[in-house]
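In the numbering used here, the protein residues as written are 77 to 218.
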Ligand SMILES: [Zn+2]
């Protein structure tokens with residue numbers, strides 16, 4: 077998660093309206109096989125890039141994500157939570173839940189699909205990273 081947070085911090089301020097997220101994927105043996113941050117201007121999301129890089133090796137593995145993976149996308153494309161399920165990951169570890177109305181609920185979807193979900197690893201560092209994003213989301217989408 078430390079690595080994922082460093083990736084997210086690298087993208088801070090460069091991802092437009094979207095939060096800068098860091099994602100590290102480990103295979104079933106716990107070896108890191110892919111990592112990514114949200115692309116400049118906000119797309120693709122970190123999870124999409126990392127899953128693409130990991131491919132089949134992600135099956136049965138664990139994803140460390142700095143922020144709750146999105147539940148749905150405004151574009152109608154598959155959300156990160158759908159993609160994580162499709163990729164066959166066994167476990168998702170998230171630093172903090174998303175307070176954005178469109179992002180929130182991703183973890184429920186993952187749990188519903190049978191993945192093991194853990195929240196709160198390095199939460200304090202993640203809160204500092206997403207404070208502005210959450211405030212903006214609340215004022216802009218209320
Ligand atoms: Zn996403």
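Glycine is no exception: its CB is placed at the ideal position from the N, C-alpha and C atoms.
Model, not experiment: these values are computed from the prediction.
- What do you reckon, are the CB atoms on residue 186 and residue 163 nearer than 7 Å? 7 Å or more divides the Cβ of residue 186 from the Cβ of residue 163.
- Message: Nearest by alpha-carbon distance to residue 214: which of 105, 175, 134 and 181 is it?
- Response: Of the listed residues, the one whose Cα sits closest to residue 214 is 175.
- Query: For residue 208, does the count of other Cβ atoms within 10 angstroms reach 16, so buried, or fall short, so exposed?
  - Reply: Residue 208 should be labelled exposed.
- Query: Alpha carbon to alpha carbon, what distance is there between residue 137 and residue 104?
  - Reply: When rounded, the distance between both Cα atoms is 4 Å.
- Name the one or two DSSP bridge partners that residue 172 has. According to DSSP, residue 172 bridges with 143.
- Message: What does the Cβ neighbour count give for residue 150, buried or exposed, with the cut at 16 atoms within 10 Å?
- Response: Label assigned to residue 150: exposed.
- Rounded separation between residue 117 and residue 89 - CA only: Going by the C-alpha atoms only, they are around 9 Å apart.
- My understanding is that residue 100 touches residue 111, with C-beta atoms under 8 Å, so please give their C-beta distance in whole angstroms. About 5 Å separates the two Cβ atoms, so the contact holds.
- With hydrogens ignored, establish whether the beta-carbon of residue 102 is closer than 6 Å to any heavy atom of ligand 1. No, the beta carbon of residue 102 sits no closer than 6 Å to any heavy atom of ligand 1.
- Item | Sequence-distant residues of its chain with Cβ nearer than 7 Å to residue 92 (five each side left out) | Answer for residue 92: 117 and 118, listed in chain order.
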